[in-house]
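Those protein sequence lines, which keep their order, are chains Y and C.
Position 95 of the first sequence, counted from 1, bears residue number 135 in my numbering, the numbering being contiguous throughout.
Position 183 of the second sequence, counted from 1, bears residue number 641 in my numbering, the numbering being contiguous throughout.
Ideal placement from N, C-alpha and C gives every residue a C-beta, glycine not left out.
Okay, so here's the structure we're looking at.
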Amino acid sequence: MLINQFLLLGAALFALGVYGVLTRRNAVMVLLSVELMLAAVNINFVAFDRLIGDELAGGQIFALFIIAVAAAEVGIGLAIILLIFRNRRSANVDELDLLKL
Amino acid sequence: MVVGDLDLASGIWHLASRHGGARVTAETVVFVIFAVVSVAGGLVMIGARNPVYSAMGLLMTMFSMAVFYVLNDAHFVAAVQVIIYAGAVMTLFLFVIMLIGVDRDEDRTEQIPFQRPLALVLGAGFLALVLIAARAAWVTGYGLFSGGEVNGTIENVADELFGTWLIPFQATVLLLTIAAVGTIALAQFAPRARGSAEGSGVSE
């Protein structure tokens, strides 16, 4: 068992997430892609945790922290998306150009 | 994308046969199966036109990630992954997708003309760099399942979480509280603020 396979898989999933963030227009889809990127990073944390046999279980704890932060981010993000949809009848990120001069 | 997937899988097989001799372990077989499943889930997620299918693709990826955590002895993280991510978070996503409506199609055209070829070139470059870097240093890490002590049991994780990592843990608690309060505030006060900003012409 090697660690490279997990790192390569994490890189592939992270790249898929970046592609989703950059190409999808629906704000919910953008958030889903961000979730995929966070989960891909989690694979690296857990794999390195086992590689170095961490006494402090640092990789696993940080994976737990990332999961908690992702849950908070999803709660806030989806609430914002719902408000935007309620106000503008659209969740298209290209139409959100209020800051554009 | 599909080509990259095949490359990854064949690279893993090559790796297993080179370092493990003829024995392809059960771990490797499990990994390859679920790597294909997770990458397929990711492809479904970014490719599907219907947002519900996208959410289902991500759900597939999340479940196979729990398998990867178990392969790395992180049993508790795997359980949390299934319960929090695949359970709570994806349900929230599905709720919002249903609320927003799934019937409208997304516009997939690009507005910057040279963006797509440039993205393809950069993506291929990234893949090449990752593969070169991986070939330069195949880290031969841990051995097979030792069958002995597992590092990721609830007891071990809790010992460290409530001992060494207590301050970060409490910061996370604070963050989650702020997020919950913020979500409630967004749901509660926004219509009133909008009503005062736009006048009383809009009725909820």
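Residue-chain proximity (residue i, chain Y), Cβ-Cβ < 7 Å
i                 : result
Gly479 of chain C : The predicted position of Gly479 of chain C is uncertain, since its pLDDT is 47 and thus under 50; no value can be drawn from it.
Gly657 of chain C : Caution applies to Gly657 of chain C, whose pLDDT of 42 falls short of 50 and renders its modelled position unreliable; the model cannot decide the point.
Val660 of chain C : A caution first: Val660 of chain C carries a pLDDT of 41, below 50, which makes its placement in the model unreliable, though a value can still be read off. Taking Cβ atoms only, chain Y never reaches closer than 7 Å to Val660 of chain C, which makes this a no.
Tyr511 of chain C : no
Glu618 of chain C : yes
Phe440 of chain C : In the structure as shown, chain C starts at 459 and stops at 662, and residue 440 of chain C therefore has no counterpart that could be examined.
Gly583 of chain C : no
Phe489 of chain C : yes
Outcome for residue i when other beta-carbon atoms lying within 10 angstroms are tallied against a minimum of 16
i                 : result
Leu602 of chain C : Note that Leu602 of chain C scores 48 on pLDDT, short of 50, meaning its location in the model is unreliable and no value can be drawn from it.
Val538 of chain C : buried
Met556 of chain C : exposed
Gln569 of chain C : exposed
Asp531 of chain C : buried
Ile504 of chain C : buried
Asn609 of chain C : buried
Gly479 of chain C : Annotation note: pLDDT 47 at Gly479 of chain C (below 50); position unreliable, coordinate value reported separately. Under this definition Gly479 of chain C is an exposed residue.
Asn448 of chain C : Outside the shown range of chain C, which is 459 to 662, sits residue 448 of chain C, and nothing can be said about it.
Phe584 of chain C : exposed
Interface flag, residue i vs chain C, CB-CB below 7 Å
i                 : result
Leu56 of chain Y  : yes
Leu136 of chain Y : no
Arg129 of chain Y : no
Gly115 of chain Y : yes
Ile124 of chain Y : no
Beta-carbon proximity check, residue i vs residue j, cutoff 7 Å
i                 : j                 : result
Leu644 of chain C : Ala119 of chain Y : yes
Ile542 of chain C : Ile107 of chain Y : yes
Val525 of chain C : Phe551 of chain C : no
Val502 of chain C : Gly515 of chain C : yes
Ala112 of chain Y : Leu633 of chain C : yes
Gly500 of chain C : Leu139 of chain Y : no
Ile121 of chain Y : Ala131 of chain Y : yes
Glu618 of chain C : Leu96 of chain Y  : yes
Ser73 of chain Y  : Gly60 of chain Y  : yes
Nearest neighbour of residue i, chosen from the options [CA to CA]
i                 : options                                : result
Glu135 of chain Y : Y:Leu62, Y:Leu56, Y:Ala67, Y:Gly60     : Y:Ala67
Tyr527 of chain C : Y:Arg128, Y:Met69, Y:Val109, Y:Ile83   : Y:Ile83
Gln628 of chain C : Y:Lys140, Y:Leu48, Y:Leu104, Y:Leu78   : Y:Leu104
Phe489 of chain C : C:Phe521, C:Val615, C:Pro509           : C:Phe521
Phe54 of chain Y  : C:Val639, C:Pro509, C:Thr519, C:Gly621 : C:Thr519
Asn44 of chain Y  : C:Phe620, C:Val639, C:Ala506, C:Arg593 : C:Arg593
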